[in-house]
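Take 1 as the starting number for the sequence shown in UniProt numbering and just add one per residue.
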Amino acid sequence: MERISDIIESIANEKGLQIDDVKERVIRALINTAKRVYSENYEYDVTIDANKNLKLYQKILIVANDDERLNEDNEHFISLKEAKKIDSGVEVGDELTYELSLDNLGRTAAQTLHKELEYHIQRLVEEKIFQKYDEMVGQMVFGSVVRVDNDENTYIEIDELRAILPRKNRIKGEKFKIGDVVKAVIRKVFTDKNLGIRVELSRTSPKFLEALLKAEVPEIKDGGIIIQNSARIPGERAKVALISTTPNIDPVGATVGTKGVRINAVSKELHDENIDAIEYASEPAIFISRAMAPAIISSVKIDGNKAIVSLVGEQKSKAIGKNGINIRLASMLTGFEIELNELGARNAADSENKEPVKDLKALFGD
Numbered sequence: 001m002e003r004i005s006d007i008i009e010s011i012a013n014e015k016g017l018q019i020d021d022v023k024e025r026v027i028r029a030l031i032n033t034a035k036r037v038y039s040e041n042y043e044y045d046v047t048i049d050a051n052k053n054l055k056l057y058q059k060i061l062i063v064a065n066d067d068e069r070l071n072e073d074n075e076h077f078i079s080l081k082e083a084k085k086i087d088s089g090v091e092v093g094d095e096l097t098y099e100l101s102l103d104n105l106g107r108t109a110a111q112t113l114h115k116e117l118e119y120h121i122q123r124l125v126e127e128k129i130f131q132k133y134d135e136m137v138g139q140m141v142f143g144s145v146v147r148v149d150n151d152e153n154t155y156i157e158i159d160e161l162r163a164i165l166p167r168k169n170r171i172k173g174e175k176f177k178i179g180d181v182v183k184a185v186i187r188k189v190f191t192d193k194n195l196g197i198r199v200e201l202s203r204t205s206p207k208f209l210e211a212l213l214k215a216e217v218p219e220i221k222d223g224g225i226i227i228q229n230s231a232r233i234p235g236e237r238a239k240v241a242l243i244s245t246t247p248n249i250d251p252v253g254a255t256v257g258t259k260g261v262r263i264n265a266v267s268k269e270l271h272d273e274n275i276d277a278i279e280y281a282s283e284p285a286i287f288i289s290r291a292m293a294p295a296i297i298s299s300v301k302i303d304g305n306k307a308i309v310s311l312v313g314e315q316k317s318k319a320i321g322k323n324g325i326n327i328r329l330a331s332m333l334t335g336f337e338i339e340l341n342e343l344g345a346r347n348a349a350d351s352e353n354k355e356p357v358k359d360l361k362a363l364f365g366d
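See below:
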């Protein structure tokens with residue numbers, strides 16, 4: 001088979017694949033074709049010579065004259081005695097190779113090779129697409145809506161495939177129509193037995209909030225600010241914990257922007273979801289106190305995975321938030337189960353006889 005390199009380069013250019021990857025699949029296809037045309041009992045090898053011509057070889061293993069495998073109906077083995085008639089220098093364990101030609105086997109071989117090539121190249125294309133999108137999990141993409149099914153799942157065209165935004169991954173109240181341009185993050189990539197590669201999108205994931213902030217805030221994109229964690233109740237409220245990697249950047253101020261312009265742009269994309277930007281602290285008591293904003297916390301005691309948050313009565317409703325949303329988000333953001341302890345005059349007097357808690361004034365300073 002002449003000029004196999006031309007075939008490989010043509011396929012690689014047409015499909016946007018690496019030449020070495022295509023070469024490996026072409027060789028695999030040729031070996032499978034040889035097994036079908038000649039015999040599956042042989043081993044085969046393929047090489048490409050200096051002139052870029054393909055060479056197909058059949059291999060036969062040399063075994064001892066009394067090897068039991070010689071009695072089997074398997075042409076993959078040849079006795080040392082018979083092999084020495086062909087090449088006197090061979091030993092047990094060596095292989096005899098014979099060059100074969102697919103060119104002279106007619107139409108059937110050509111059809112078989114064509115099917116094998118088509119199959120293996122298609123698998124390679126699918127593997128590369130899967131790898132591409134699997135590496136993009138958590139990243140933001142956008143595309144046009146091409147279909148909305150009866151279950152209100154939205155299908156979005158992104159580059160070379162059609163992704164799905166399930167109804168459960170939409171913000172409450174959202175509806176899309178054909179032609180709409182939609183932003184979302186890739187939630188997961190998987191293979192369906194009948195439908196092939198499936199890319200599932202999400203607009204409810206905290207990763208979508210983080211991707212929007214990264215796109216809107218240059219300091220986050222450039223690495224000057226790191227998003228340590230985020231938590232959302234989609235369409236209602238979110239909290240995001242931020243760290244500055246340099247002393248001259250205020251992580252909260254930079255993220256919020258002048259007069260809130262940056263955070264408001266993100267909020268608008270999320271259907272006016274309220275976003276609390278807080279500065280992360282490695283000290284759990286400080287971090288939890290900040291996460292409970294807008295409530296003002298008196299003290300925090302850490303007990304394993306539980307945080308006992310003490311506060312005066314007038315701050316309790318702020319700490320809980322409407323329908324418990326503030327305390328839920330604070331718990332999600334910090335990873336602690338939060339228990340509120342309402343302070344009163346009696347509580348304050350008794351506190352001297354209880355296990356000491358972390359006083360936030362001592363931690364923060366006056």
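All residues carry an ideal CB built from backbone N, CA and C; glycine is no exception.
All values derive from a computational prediction rather than experimental measurement.
query, result
"Can you give the Cα-Cα distance for N65 and H120, rounded to whole angstroms?", "39 angstroms"
"Where in the region 50-137 do unbroken runs of the alpha helix (DSSP H), each at least 4 residues long, occur, reported from the N-terminal end onward?", "80-86 and 107-134"
"Does the Cβ of A50 have 16 or more other Cβ atoms within 10 Å, making it buried, or fewer, making it exposed?", "exposed"
"Under 8 angstroms: do the region 317-334 and the region 229-241 share three or more Cβ pairs, one atom per stretch?", "yes"
"So, is N326 buried or exposed, given that buried needs 16 or more other C-beta atoms within 10 angstroms?", "buried"
"Can you tell which of G324, V185 and G313 has its C-alpha closest to the C-alpha of L213?", "V185"
"For G138 versus K183, is the C-beta spacing smaller than 7 angstroms?", "no"
"Could you give the first and the last residue of the continuous alpha helix (DSSP H) run that contains R290?", "P284 to A291"
"Using C-beta distances below 6 angstroms, list every residue in its chain close to H271, excluding the 5 sequence neighbours before and after it, in chain order.", "I171 and G235"
"From the DSSP secondary-structure annotation, give me the bridge partner or partners of S144.", "E157 and V181"
"In the structure shown, what three-state DSSP assignment does T191 receive?", "strand"
"Give the C-beta separation of L165 and R203 to the nearest angstrom, bearing in mind that I take them to be a contact with Cβ-Cβ under 8 angstroms.", "7 angstroms"
"Confirm, please, whether the CB-CB distance from S230 to E210 is below 7 angstroms.", "yes"
"Could you tell me whether the region 246-254 touches the region 275-283, where touching means 3 or more Cβ pairs closer than 8 angstroms?", "yes"
"When DSSP builds the beta bridges, which residues end up paired with G196?", "D192"
"Whose C-beta lies closer than 8 angstroms to the C-beta of A293 among residues of the same chain, with five residues either side of it excluded?", "D276 and I278"
"Tell me whether the beta-carbon of A29 lies closer than 7 angstroms to the beta-carbon of L117.", "yes"
"If I measure Cβ to Cβ from A83 and keep anything under 7 angstroms in the same chain, skipping five residues before and after, which residues do I get?", "I62, V90 and L96"
"Going by C-alpha to C-alpha distance, which of I156, Q131, K132 and I129 sits closest to F142?", "I156"
"Where does F303 sit, in a helix, a strand or coil, going by DSSP?", "For the record, residue 303 in the displayed sequence is Asp; it is not Phe. D303 falls in the strand class under three-state DSSP."
"Just the C-alpha distance for G304 and I338, rounded to the nearest angstrom, thanks.", "11 angstroms"
"On a CA-only basis, which of K132, K52 and L311 is nearest A295? Give me that one, please.", "L311"
"State the Cα-Cα distance for the pair T108 and K221, rounded to the nearest angstrom.", "57 angstroms"
"Spatial neighbours of K168 within its chain, please: C-beta separation below 8 angstroms, excluding the five flanking residues on both sides.", "T204"
"Looking at the unbroken alpha helix (DSSP H) that takes in D151, where does it start and where does it end?", "Element bounds for D151: n/a, residue is neither H nor E."
"Thinking C-beta only, is T112 closer than 7 angstroms to T47?", "no"
"Can you pull the DSSP bridge partners for T47?", "K55"
"Quick one: what's got a C-beta closer than 6 angstroms to I178's C-beta in the same chain, skipping five residues either side?", "V145"
"Within this structure, are the beta carbons of N341 and I308 separated by less than 7 angstroms?", "yes"
"Please determine, among A291, S299 and L343, the residue with the shortest C-alpha to C-alpha distance to R328.", "A291"
"For Q18, which residues from the same chain have a beta carbon less than 7 angstroms from its beta carbon, with the 5 sequence-adjacent residues on both sides left out?", "A12"
"Can you tell me the Cα-Cα spacing of A345 and F287, whole angstroms?", "With a pLDDT of only 48 at A345, under 50, the local geometry of the prediction cannot be trusted, and the value read off the model is given with reservation. Taking the straight line from one Cα to the other gives about 26 angstroms."
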